[in-house]
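Participant:
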Amino acid sequence: MDTMRDAVRAKSDIVYCDVDLSSLTTPQLDEIVDLLRMYDFFYAGLVVYGRAGHDHLRMQAVLAPLTP
């Protein structure tokens, strides 16, 4: 969550969170996704063979005001 706070301070429009799928159990993954969703993160994609050769679930949150 520190990265998200830093992004808010820097006034970033979008924040990404890459969750390493090989380092978590299914219950841990469910918990972290639920936590991120509380901060308005949503599914953005799958990073295949990302950092350290691991697959990552990419979540993102839009911080900029949405205009119609």
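Counting in the numbering used here, the sequence shown runs from 55 upward without gaps.
The beta carbon of each residue, even a glycine, is placed where N, CA and C say it ideally should be.
Given the structure is predicted, the values throughout are model-derived calculations rather than measurements.
1) Whole angstroms is fine: what's the gap from Ile-86's alpha carbon to Phe-96's?
2) Give me whichever residues DSSP pairs with Gln-114 in a beta bridge.
3) Taking Ala-106 as the reference, which of Leu-75, Cys-71, Ile-68 and Ser-66 has the closest Cα?
4) For my contact list, Val-101 and Asp-67 are in at a C-beta cut-off of 8 Å; report their separation, rounded to the angstrom.
5) Please report the distance separating the alpha-carbon of Met-92 from that of Ala-115.
Facilitator: To lay it out plainly:
1) C-alpha separation (whole angstroms): 12 Å.
2) Note: Gln-114 is bridge-paired with Tyr-70 and Phe-96 in the DSSP secondary-structure output.
3) When only C-alpha atoms are compared, the closest one is Leu-75.
4) Actually they are not in contact, since the Cβ atoms of Val-101 and Asp-67 sit about 20 Å apart, beyond 8 Å.
5) So the alpha carbons of these two residues sit roughly 11 Å apart.
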